[in-house]
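Contents: one structure, followed by commentary.
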Amino acid sequence: MEEFFNWLFTDRTGVICLVVGGMLVCLLISFILERRTRKQYYNHEKSDDDWDLFGDDDEEDEDADK
Numbered sequence: 000m001e002e003f004f005n006w007l008f009t010d011r012t013g014v015i016c017l018v019v020g021g022m023l024v025c026l027l028i029s030f031i032l033e034r035r036t037r038k039q040y041y042n043h044e045k046s047d048d049d050w051d052l053f054g055d056d057d058e059e060d061e062d063a064d065k
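All the letters of the sequence shown, read from the start, carry residue numbers 0 to 65 under numbering that gives the first Met the number 0.
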């Protein structure tokens, strides 16, 4: 077991595996939480006060065209 931790934290390949594994865990958690949120608020109607981090803003598109 000590050899595994030694490889994981001291070898370049082990550190890369540690970083990639952490990124995959974060991606999985965010995917699960996003699905839960969408399931909980499935009938939420958008209003003018709502904002969307990943959505397209029509106002910004109109300003860019001018």
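Note that beta-carbon positions come from the ideal geometry of N, C-alpha and C, so glycine has one too.
Looking only at ASP47, GLU33, LEU26, the smallest Cα-Cα distance to TYR41 is reached by GLU33. Residue PHE4 holds the alpha-carbon nearest to the alpha-carbon of LEU17 among ARG37, ILE28, PHE4. Distance from the CA atom of LYS38 to the CA atom of SER46, rounded to whole angstroms, is 19 Å.
Secondary structure note for GLU1: its alpha helix (DSSP H) is the uninterrupted segment 1–9.
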